[in-house]
Amino acid sequence: MNVVPGARFDDRKLHILWINSGLLKCIIGVATAFTVGNRIGEYRTGQKLSIRLERPLALQIDGNYAWDADTFVFTLLPNAMKIKC
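My numbering puts the sequence shown at residues 707 to 791.
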């Protein structure tokens with residue numbers, strides 16, 4: 707399954723793909739991810755991602771409720787995880 711074409715484990719980048727186009731295009735994106743790769747949505751790369759929501763969303767850790775937040779920040783941590791391909 708190729709959800710984000712161009713994303714690699716070893717390039718030290720966060721690969722971000724968001725789809726803001728409704729249910730039908732989301733379904734098409736999932737279907738094409740199994741063949742030619744997802745071609746729907748906006749794609750960016752970077753070292754840090756910050757998401758701010760209009761209203762708070764419940765954060766879950768291992769399926770358990772943690773807390774509500776309206777801002778989420780993701781930061782790349784070099785060499786934090788070893789992956790064998």
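We put the CB at the ideal spot given by N, CA and C, even for glycine.
Give the DSSP bridge partners of residue i, in chain order.
i: V779; result: S756
i: N770; result: I767
i: L720; result: G752
In its own chain, which residues sit with a C-beta less than 8 Å from the C-beta of residue i, not counting the 5 before and 5 after it?
i: P762; result: D774, A775, D776
Among the residues of its own chain, which have a CB less than 6 Å from the CB of residue i, if the five just before and after it don't count?
i: T751; result: K719, H721
i: V710; result: H721, L723
Let me check understanding here. Comparing Cα to Cα, which of the options lies closest to residue i?
i: E760; options: L783, V710, T741, F778; result: F778
i: I757; options: N785, F780, T738; result: F780
i: Q753; options: Q766, V710, P784; result: P784
Looking at residue i: is its Cβ nearer than 8 Å to the Cβ of residue j?
i: T723; j: Y749; result: Residue identity check: residue 723 is Leu in the sequence provided, not Thr. In contact: L723 and Y749 (Cβ atoms closer than 8 Å).
i: F715; j: I789; result: yes
Less than 7 Å between C-beta atoms, sequence neighbours within five positions excluded: which residues of the same chain meet that for residue i?
i: A713; result: H721
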